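See structure below.
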Amino acid sequence: KFMYNHCIAALAMAEAYGMTESKLISGQAQAGLDFITKAQNPYKAWRYQVRPGDNDTSVTGWAVMALKSGKMARLAIPQSSMDGAFAWIHEVTDTDYYSVGYTGKGTGKVYVKDINENWAGHEALTAVGMMCRIFINYNIKDPALEGGAKLLKNDLPVYNTAKQTEKPVDYYYWYYGTMALFQFDGPSAQNDKGGKYWREWNVAMQKAIGGSQKTQADGCEFGSWDSDVDRWGFEGGRVYAT
465 KFMYNHCIAA LAMAEAYGMT ESKLISGQAQ AGLDFITKAQ NPYKAWRYQV RPGDNDTSVT
525 GWAVMALKSG KMARLAIPQS SMDGAFAWIH EVTDTDYYSV GYTGKGTGKV YVKDINENWA
585 GHEALTAVGM MCRIFINYNI KDPALEGGAK LLKNDLPVYN TAKQTEKPVD YYYWYYGTMA
645 LFQFDGPSAQ NDKGGKYWRE WNVAMQKAIG GSQKTQADGC EFGSWDSDVD RWGFEGGRVY
705 AT
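For what it's worth, this note's numbering labels the leading residue of the sequence shown as 465, then goes sequentially.
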């Protein structure tokens, strides 16, 4: 699944270059983005390997984030890569409720057998789809944006580690939900508190993550979040969770 790692590293390099404009890292930042565009399936999106033929929305979200950061940093980003990503998101978006699928429309709950089946399913990929639409071709009147926002608003973050089935903690969903709703109707010059979707989500997020961060009493874990309570924590551990 190295494309996850590559996209996140390329995102970090693009952000670093955009913030510093340092010539020491400009070449590496550009090279990271170039590899992302070479790994993309023609006219579509991304998966775990280089041009494997199949696509998934999760890897695509990280690729789009890296390319968007690169574009903002004035690095070279082919528009065709963004167009392909947008075509994929459009293809896997349900036009009735605007839920976004994983490897196709209506994919359903995504899980790894015998590892995280006991966690609840969430609209994480809908949040990814919203974010991609905003970053690629923002149109506030796009019905998929408010449709997705409604789905996220109906499934707010809850930190509950006592449940043994349908466990609710999903940092991946919370991350992309926060990204998507902040971009959609978050604080602005005209409205410093943001719109109705952002406000409700943000209150729930503050409750969920504010009280679950490790304190000085926890020693070396101070400042971090537990990964074993999270749906995808087995993949990335405490660094991922934090």
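All residues carry an ideal CB built from backbone N, CA and C; glycine is no exception.
Model, not experiment: these values are computed from the prediction.
Could you tell me the alpha carbon to alpha carbon distance between residue i and residue j, rounded to whole angstroms?
i      : j      : result
Gly700 : Ala653 : 37 Å
Asp520 : Trp510 : 6 Å
Gln680 : Asp690 : 14 Å
Leu645 : Trp665 : 8 Å
Gln494 : Arg597 : 23 Å
Ala503 : Val523 : 11 Å
Glu555 : Lys569 : 7 Å
Tyr562 : Lys487 : 42 Å
Asp682 : Met546 : 44 Å
Glu581 : Asp498 : 36 Å
Leu539 : Tyr636 : 27 Å
Asp558 : Ile541 : 29 Å
Note the first and the last residue of the continuous alpha helix (DSSP H) segment covering residue i.
i      : result
His470 : Phe466 to Thr484
Ile489 : Lys487 to Ala503
Val514 : First-last for Val514: undefined, no H or E at that position.
Thr744 : Because residue 744 is not part of the residues shown, which for the chain are 465 to 706, the question remains open.
Arg702 : Gly697 to Ala705
Val693 : It is not in any alpha helix (DSSP H) - Val693 carries neither H nor E in the DSSP assignment.
Lys535 : Thr521 to Met536
Give every residue of the same chain whose Cβ lies closer than 7 Å to the Cβ of residue i, excluding the five residues on either side of it in the sequence, and list them in chain order.
i      : result
Pro621 : Trp638, Ala668, Met669 and Ala672
Tyr507 : Gly548 and Ala551
Gly482 : Ser533, Met536 and Ala537
Ile472 : Trp526
Please go through the same chain and pick out, in chain order, the residues whose beta-carbon is closer than 6 Å to the beta-carbon of residue i, but skip the five residues on each side of it.
i      : result
Thr625 : Val693
Asp518 : Arg511
Looking only at its own chain, which residues have a Cβ that is under 8 Å from the Cβ of residue i, when we skip the five neighbours before and after it?
i      : result
Pro607 : Tyr562
Pro651 : Lys657, Gly658 and Trp662
Just to confirm the assignment: which complete beta strand (DSSP E) runs, minimum length 3, are found wholly within the region 546-591? none
Any alpha helix (DSSP H) of 4 or more consecutive residues that is wholly inside the region 580-644: 588-601 and 607-617
Just to confirm the assignment: which complete alpha helix (DSSP H) runs, minimum length 4, are found wholly within the region 651-676? 660-674
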